Amino acid sequence: MIKLQNLSKVYVSGTLEVVALRDFNLEVDKGEFVSIVGPSGSGKSTLLNILGCLDRPSSGKYFFEGMAVENLSPDELAEIRGRKIGFVFQFFNLFPHMSVLRNLELPMIFAGIGTPKHRMRSAMKMLYEVGLPEKARFSPTELSGGQQQKIGIARALMNRPSLLLADEPTGSIDSQSAERVLSLLRELNHRGVTIILVTHDEGIAHQAKRIVSIYDGKKVRDEILD
Amino acid sequence: MKFRDLIRLAFESVFLYKFRSFLAILGITIGVGAVISGVILGIGNRELIMQKLSEQGTEVLWFYTKPKSGGFASLENLVYQPDLTITKEDIQYIKGQCSAISEAVPLVYVPALLRYGGKFHTIKAVGLMLPSSALNLFKVKITEGRFLSEFDVESKAKVCVVEKSKFSNEIFGRKTPVGEIIKIGEERYKVVGEIDDFMFSFSYPARLMVFLPSTSLQETAGIRNYNVVYLKAKGFPEVPKAYYQLKQALAQRFGYPSKLFISEYGIYLKTAMEILDILTITIVGIAIISLTVGGVGIMNVMMAMVTEQTREIGIAKAIGAKNGAILYMFMVESIILTLSGGILGITFGLSATKLVTAFLGIPLIVPAWSVLLGFSLSIVVGVISGSYPAKRAAELDPAITLRQL
Chain A
39 MIKLQNLSKV
49 YVSGTLEVVA
59 LRDFNLEVDK
69 GEFVSIVGPS
79 GSGKSTLLNI
89 LGCLDRPSSG
99 KYFFEGMAVE
109 NLSPDELAEI
119 RGRKIGFVFQ
129 FFNLFPHMSV
139 LRNLELPMIF
149 AGIGTPKHRM
159 RSAMKMLYEV
169 GLPEKARFSP
179 TELSGGQQQK
189 IGIARALMNR
199 PSLLLADEPT
209 GSIDSQSAER
219 VLSLLRELNH
229 RGVTIILVTH
239 DEGIAHQAKR
249 IVSIYDGKKV
259 RDEILD
Chain B
632 MKFRDLIRLA
642 FESVFLYKFR
652 SFLAILGITI
662 GVGAVISGVI
672 LGIGNRELIM
682 QKLSEQGTEV
692 LWFYTKPKSG
702 GFASLENLVY
712 QPDLTITKED
722 IQYIKGQCSA
732 ISEAVPLVYV
742 PALLRYGGKF
752 HTIKAVGLML
762 PSSALNLFKV
772 KITEGRFLSE
782 FDVESKAKVC
792 VVEKSKFSNE
802 IFGRKTPVGE
812 IIKIGEERYK
822 VVGEIDDFMF
832 SFSYPARLMV
842 FLPSTSLQET
852 AGIRNYNVVY
862 LKAKGFPEVP
872 KAYYQLKQAL
882 AQRFGYPSKL
892 FISEYGIYLK
902 TAMEILDILT
912 ITIVGIAIIS
922 LTVGGVGIMN
932 VMMAMVTEQT
942 REIGIAKAIG
952 AKNGAILYMF
962 MVESIILTLS
972 GGILGITFGL
982 SATKLVTAFL
992 GIPLIVPAWS
1002 VLLGFSLSIV
1012 VGVISGSYPA
1022 KRAAELDPAI
1032 TLRQL
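Protein sequences, first through last, are from chains A and B. According to this note's numbering, the residues represented by the first sequence are 39 to 264, in order. According to this note's numbering, the residues represented by the second sequence are 632 to 1036, in order.
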C-alpha cells in the first residue's frame, strides 16, 4: 500500500542545507499498525508529512496505493488527503468556533461529499463509534483532552480513509485518556484501517504491531512485534 | 467543495469576527454611500438648474438689427434702422434653415412717447406680429383683461396691453389701466389687458412696456417690417445647435455680423452645464477615493485573517481542502463584506439624498444605473481587495503551516 524508495528530504534555508531524511526505504501493507519512533529532530515529522501527501520528497519515490505521489498535482494530493488519508494531530487541531458535529462534517465538505443531512447522519454515527454522541453540540474547547483527541480521530475517519496517520496522538493528554485513545486505534486497526503512528515514546510505540526507528533521517530499526 | 458549503463557511467566518467585519463593512458603506449620493445629488442639481433655466426662457434666442450708433442696445440709441429690416420672408427663410428652432416671433421694438392724464412718458413699444406665439414664447401671464390676438394684428386695431410694474403704477396710479385710453405718438389706443412681470426687458433703461399689434405700431411709427426676432429652440439641449444654425442662416441672408446682433448666451449655457458635469465628476471622484480607502481596509482585514488563520488553513488543507477551496473561501468572505457594505451604502446613500434633496428642494432623481453602480463597485472592491490575501492563503504550504504548531 505504501512504498518509499530511496527517499530523501532536504530543507534549504539560505546557504544552510538540513537533511531531514536520507535514502529512506519503507513498505507498509494494508492493515498494518506501524509505529515510527525516534527522538525529536530525527526526521519523523518530515516522514509523516511526506506520507500524508502534505510535502514532497526532494528525491526518491513514494508510491501510495500504486500511484507515484511526486507526479500528482496539488489538487490531486488534496484529494488523496481528503479521501484516503486521515490525520490525527498531537494538539487535536479542531476548529474551536465550530461545534463537534460541524468539525466532523468538514472533511466531507472539503471532499464535496453528501448533503448536509447525510453529513450530519455520518457525523452522528461516527460520534457513536468513538463513544461521544452526547457531545455533538459542544464546542471542542468544552471537552477534555482525551475527548478532543477522540473527536480528532473521528474527524480523521469521516471519509473512511485507508490510512490513518497519527502524530503523537497521546502527546498532550493524561495517561488514562491516552490508554483509551490507543485502544480505539487498536480497535480501528482490528477493523482493517492501516495506521502509522509517530511517537518519541517507546512504550506507546510498542502498542503497534511493528516498530520502525528513525535516527538522524535514517532508518535504524524495523521490527515486527509479537 | 460545493458552492453552498463555501458560502456557509464564509458567512461563519464573517460572523465569527463580528466587530472586525462590522468595521470593514462600515468603510465600504461610507464609500458606496458617498458615491451614490454624489451621483444622485449631481444629477439632481443639474436637473434643478435645467428647470430653473428653462423657467427663465433659456430655450429662447434672439437677434436684432444693430442700432446706427453701434454699441450696446440702449433704449435711446435703439432707433429704427431703415437700412436693414427683417421681413416676413426672412423669418420664413430662417425657419426653413434652422431645424433646431421651433418658433420665430418677429417684433417691432421702438421707444415711443405715451401721453396719459396730460403727462408724457417714454415707453418701450413692442409690436407683435404673432401674439399667440409670443404669449407662449415669453410665458406671458395675464393678470387682467386679455392679450392681443391675431385679429387685432389683421385689423390694425388700436389696442394695447401694458406690463404691470412700478411704471404702470406711476402712470396709472392705483386703478387698473384696463379700459383706459392712452395716446402713443399721435394715435389713441385702448388698454385691453395687463400682464405680469415680463420675462425680458429688451434693453436698458427699464421703462413701461406696452405691447401693440405690429401692424398698428408700424402705422403709428411710420415704419415697415421688423427689427427684433425671438426664436425658440426645440428644447434646452438644442440651444447651442440652434445658435449655430441661426448664425449661419443669418450670414447667408444678411451678411452677418455687420448689421445684426445675435444673443450668444446659448454658448455660455453649454459651458455652464459642462462645468456642472465636471463638478459632479469631481464629487464622485472624491467619493471613489473614500471607497478605495474602504477597499484597503477590507484588504487589511483579510490579510489579518490569513495571518491569524494560518494554522487553520494548514489543518483544512491536511483534511482535504484544495487550494481553490481556500482561495474561494477568502474571496467569498471578502465579497460578503463589501457587498453588505454596498447594500448598506446604497440604502444610506438613498436615504441621505432623499433628506438632503427634500431639504434643499433639489429634485430627487435616482437612475437605476446609480444603484447598479453601487452594487458593481462593491463587488469589484471585494474581488480586488480579497484576491491578494486569498491567493496568499491558498498558496500557504500545509507542511510548513502545520510545523508552526
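Note that beta-carbon positions come from the ideal geometry of N, C-alpha and C, so glycine has one too. Quick caveat, the model's predicted, so the values are computed rather than measured.
Exercise for the section: Check whether the Cβ atoms of A:N131 and A:G190 sit closer than 8 Å, and answer yes or no. Expected result: yes
Handout entry: Sub-8 Å separation of A:V126 and A:L64 beta-carbons
Key = no
Problem - Collapsed DSSP secondary structure at A:N109 in the structure displayed - result: helix
Problem - Outcome for B:I977 when other beta-carbon atoms lying within 10 angstroms are tallied against a minimum of 16 - result: buried
Practice task
Sort A:A204, A:L139 and A:V75 by Cα distance to A:Y253 and report the nearest one.
Solution key: A:V75
Exercise for the section: Measure the Cβ-Cβ separation of B:R838 and B:T753 and say whether it is below 8 Å. Expected result: yes
Handout entry: Enclosing alpha helix (DSSP H) for B:L580 [first to last residue]
Key = No answer is possible for residue 580 of chain B: the residues shown for chain B start at 632 and end at 1036.
Practice task
Rounded to whole angstroms, what's the CA-CA distance from A:M136 to A:S177? Just pull it up for me.
Solution key: 6 Å
Exercise for the section: Could you check the C-alpha separation between B:K985 and B:L995 for me, to the nearest Å? Expected result: 7 Å
Practice task
If I'm right that B:N856 touches B:Y695 with Cβ under 8 Å, what's the distance once you round it to whole angstroms?
Solution key: Beta-carbon to beta-carbon, B:N856 and B:Y695 are separated by about 12 Å, too far to satisfy the 8 Å threshold.
Handout entry: Integer Cβ distance of B:L968 from B:I920, believed to fall under 8 Å
Key = With 8 Å as the limit, B:L968 and B:I920 do not qualify as a contact, their Cβ atoms being about 19 Å apart.
Practice task
Give the interface partners of B:I946 over in chain A, defined as CB-CB distance under 7 Å, in chain order.
Solution key: N131
Problem - Option in A:Q214, A:L144 and A:L54 with minimal Cα separation from B:I957 - result: A:L144
Exercise for the section: Please determine, among A:A216, A:I242 and A:P171, the residue with the shortest C-alpha to C-alpha distance to A:G183. Expected result: Ranking A:A216, A:I242 and A:P171 by Cα distance to A:G183 puts A:A216 first.
Problem - Contact with chain B by A:G52, beta-carbon distance below 8 Å - result: Not closer than 8 Å to any Cβ of chain B, the Cβ of A:G52 fails to qualify, so no.
Problem - Separation of B:K890 from B:A756, as counted between CA atoms - result: Cα-Cα distance, rounded: 22 Å.
Problem - Classification of B:Q682 by the beta-carbon crowding that lies within 10 angstroms, buried from 16 upward - result: Around the C-beta of B:Q682, fewer than 16 other C-beta atoms lie within 10 Å, and the residue is accordingly described as exposed.
Problem - Whole-angstrom distance between B:G925 and B:S1016, CA atom to CA atom - result: 9 Å
Practice task
Mind checking which residues open and close the beta strand (DSSP E) that includes B:Y820?
Solution key: E818 to I826
Practice task
Quickly, what does DSSP pair B:M840 with across the bridge? List them, please.
Solution key: B:K755
Practice task
Please decide whether B:I950 counts as near chain A, where near means a Cβ-Cβ distance under 8 Å.
Solution key: yes
Exercise for the section: Within 10 angstroms of the Cβ of A:V258, are there 16 or more other Cβ atoms? Answer buried if so, exposed if not. Expected result: exposed
Practice task
Helix, strand or coil for A:Q43, going by three-state DSSP, please let me know.
Solution key: The DSSP-derived three-state label of A:Q43 is strand.
Exercise for the section: Kindly give me the distance between the Cβ atoms of B:F892 and B:K697, rounded to whole angstroms, as I take these residues to be in contact under 8 Å. Expected result: 5 Å
Practice task
Would you list, in sequence order, the uninterrupted alpha helix (DSSP H) runs of no fewer than 4 residues that lie entirely inside the region 717-753 of chain B?
Solution key: Counting only runs of 4 or more, we get 719-728.
Problem - Heavy atom of the ligand FMN within 7 Å of A:P207 beta-carbon - result: Absent from the structure shown: the ligand FMN. Ligands present: none.
Practice task
Quick one: residues in its chain with C-beta nearer than 6 Å to the C-beta of B:A952, no 5 flanking neighbours on either side, listed in chain order?
Solution key: none
Handout entry: Limits of the alpha helix (DSSP H) - the one that B:I993 falls within
Key = B:I993 -> no alpha helix (DSSP H), and no H or E assigned at all.
Practice task
Within its chain, find whatever has a CB closer than 6 Å to the CB of B:K750; leave out the 5 residues flanking it on each side and keep chain order.
Solution key: none
Handout entry: Rounded separation between B:I732 and B:C791 - CA only
Key = Cα to Cα, the separation comes out at about 28 Å.
Exercise for the section: State the CB to CB distance for the pair B:I656 and B:G972, rounded to an integer number of angstroms; the pair is presumed to be in contact (CB under 8 Å). Expected result: 4 Å
Practice task
Could you confirm whether any beta carbon from chain A is found closer than 8 Å to the beta carbon of B:P1029?
Solution key: yes
Exercise for the section: Enumerate, from N- to C-terminal direction, the unbroken alpha helix (DSSP H) stretches of 4 or more residues contained entirely within the region 54-93 of chain A. Expected result: 82-89
Problem - Burial state of A:K173, where buried means 16 or more other Cβ atoms lie within 10 Å - result: buried
Exercise for the section: Check whether the Cβ atoms of A:L86 and A:D205 lie closer than 8 Å to each other. Expected result: yes
Practice task
Quick one: measure Cβ to Cβ for B:S982 and B:W693, integer angstroms, because I've assumed they're closer than 8 Å.
Solution key: Wrong, their Cβ atoms sit about 45 Å apart, outside the cutoff.
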